[in-house]
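Down below is the structure, laid out as structure tokens.
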């Protein structure tokens, strides 16, 4: 049945209008927010611990009136020191100088632009409009004590519990993720490895719970991208509790930190009467807290009274509608989202089942986009379930005959499950009759395999191939697609080469898909007219490009190193006559890649060997 708009006033709206304020008005600084100024940061030649910089008088406690603060999230190279060789930090310094002197804007990442959510680039004039102060854990928080001391509190524990405060007070959030071999040469630090770390995910979640969800990904001294969607635009987007922790007890430490940040944000949204984002976050709690030893709090609005008359909805559905401010199972809110869409985020199968019993439409699509989750308009509830791995709720939709194919659209459920690396969801869709070869608006090149390649979904790729997807990787241009968005990892290159993919496959947008040809041509035209964005640069150079060229254009340096190690031809030119070296000058690359282009691929081969260990297992 069609979704409709209710005109009544819910308990949610009425409660918010009372002007109620939560007792806990925000996270407190349990430990001072120590920072260094931009000038001090740029003069550093080594990363020293908090105690040393404090003794030197280089740390200042940040206050809002001083200017703007930047939170720097990064992966530690060693257990006792984040950057002993100063390689990551030097990239941070150089990237800041590059932004100051060479960039007018920091562009939205290519994936977000492709989704067409309307997000805007960040002018560098905005970044440097006021004095900048930087929070970096090693010199901003105590290092000569342990958080697991057995005592009730410590300065380090207080600093950890203050992380949501620090992030909230920072105008900008940097994820410092250059390709760096660790000092012991046992692993490679990269954007992908940063996204797998539990502490890094917690920091990213705290940013997403702030006023501004955007953050800046620093891949190299010259590669800075603006990420705006919840879940990191596919980078480190999983729950913090399902990430990697060196010390498992850290999950217990960080659980209350994340829950507290969620709870405070919910109350702020309620007080601001921002009901759309309140509903969004209320139901995403289960996702954010998955894997952490804490429970979500879904009953915030007081005064609920159960209707126990015969024929009334189940108690769980009554509570859900009451807490979300809906008067019926079929109405839509001001953002064009219905209860089934929020139930899809929540993930409770009983709630979804109850809504469907009340004649909620299992195929009701969203009418507007939602930037906080990177969702364009026209998304069915099934896709939301699959993206957030809420498979029990998805199963209820399928039982209610939700469409499982959406052939030829932008909302193919199988492709969403693939993007999320949701193997259970993939199997469920195929069992329900979805064709493994189902295509989206891009036709024969808009397949589940293409989606897996672009999103770096290695596990999903294995499942799709196991399910019988037929593809000749020697002719399909798989490595090109892998280098488009987020699939440019050494692991993906290793797997595709093992499947006989051509490392020098030339890309033909028009030959692959008419729509893709139109889009890349339009982007190319925009670039020639002076519009410099991630997508316009991509479109301008795409025709005739090879996988290595795409890896350079999209700054996927792990993939580029892997392609070099696998013998990619460095003399190729694209349709505009650009060679690989020409593109490396236009899109400056890290030193290890430049050395390879100059004839010494040794470092690329070593990085590839480290990153691809075990990648052939199971394919």
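Numbering (full-length UniProt numbering), first residue to last: 1 to 619.
C-beta: ideal position from N, C-alpha, C; glycine also.
Query, Result
"Test item: CB-CB of residue 354 and residue 314 under 7 Å", "yes"
"Beta-carbon gap between residue 417 and residue 465 smaller than 7 Å", "no"
"Given residue 281 as reference, the closest of 191, 251, 306, 344 once Cα atoms are compared", "344"
"Check whether residue 75 and residue 189 have beta carbons under 7 Å apart", "yes"
"Nearest candidate by alpha-carbon position, reference residue 42, set 21, 9, 66, 97", "97"
"Continuous beta strand (DSSP E) stretch holding residue 275: start and end", "Note, residue 275: premise wrong, no beta strand (DSSP E); alpha helix (DSSP H) at 275-288."
"N-terminal and C-terminal residue of the alpha helix (DSSP H) that residue 165 is part of", "163-169"
"N-terminal and C-terminal residue of the alpha helix (DSSP H) that residue 393 is part of", "391-399"
"Buried/exposed call for residue 577, threshold 16 Cβ in 10 Å", "exposed"
"Residue 225 - containing alpha helix (DSSP H), residue span", "Careful: residue 225 lies outside any alpha helix (DSSP H), inside the beta strand (DSSP E) at 224-227."
"Contact belief for residue 351 with residue 373 at Cβ below 8 Å, rounded distance in angstroms", "Actually they do not touch by this definition, with Cβ atoms about 19 Å apart."
"Inter-residue spacing [alpha-carbon to alpha-carbon] between residue 551 and residue 559", "6 Å"
"Every unbroken alpha helix (DSSP H) within the stretch 42-124, with a cutoff of 4 residues, ordered by chain", "50-55, 87-101, 110-115"
"Local conformation of residue 20 per DSSP, three classes", "coil"
"From 193, 311, 462, 166, residue whose alpha carbon lies closest to that of residue 33", "166"
"Residue of 475, 311, 242, 113 minimising C-alpha distance to residue 290", "242"
"Touching by the beta-carbon criterion (3+ pairs, under 8 Å), the stretch 589-605 and the stretch 527-535", "no"
"Residue 14 burial status per 10 Å Cβ neighbour count (16 or more: buried)", "exposed"
"Span of the beta strand (DSSP E) around residue 175", "172-176"
"Range covered by the alpha helix (DSSP H) that runs through residue 37", "It is not in any alpha helix (DSSP H) - residue 37 instead sits in the beta strand (DSSP E) that spans 34-37."
"Simplified DSSP assignment, three categories, for residue 155", "helix"
"With 16 other Cβ atoms within 10 Å as the buried cut-off, status of residue 330", "buried"
"Span separating the alpha-carbon of residue 100 from that of residue 444", "44 Å"
"Simplified DSSP assignment, three categories, for residue 365", "strand"
"Straight-line Cα distance separating residue 256 from residue 622", "Past the boundaries of the shown model lies residue 622; the chain is included only from 1 to 619, so the question cannot be answered."
"Whole-Å CB distance - residue 623 paired with residue 72, under 8 Å assumed", "Examination of residue 623 is not possible in this model, given that the chain is present from 1 through 619 alone."
"Alpha helix (DSSP H) segment containing residue 132, residue limits", "From DSSP, residue 132 is part of no alpha helix (DSSP H) but of the beta strand (DSSP E) over 132-136."
"Cα-Cα separation, residue 288 to residue 245", "16 Å"
"Whole-angstrom distance between residue 87 and residue 402, CA atom to CA atom", "51 Å"
"When 501, 341, 410, 439 are compared against residue 393, the one with the closest alpha-carbon", "341"
"Residue 566 - DSSP class collapsed to helix/strand/coil", "coil"
"Own chain, CB closer than 7 Å to residue 268, minus 5 neighbours either side, in chain order", "none"
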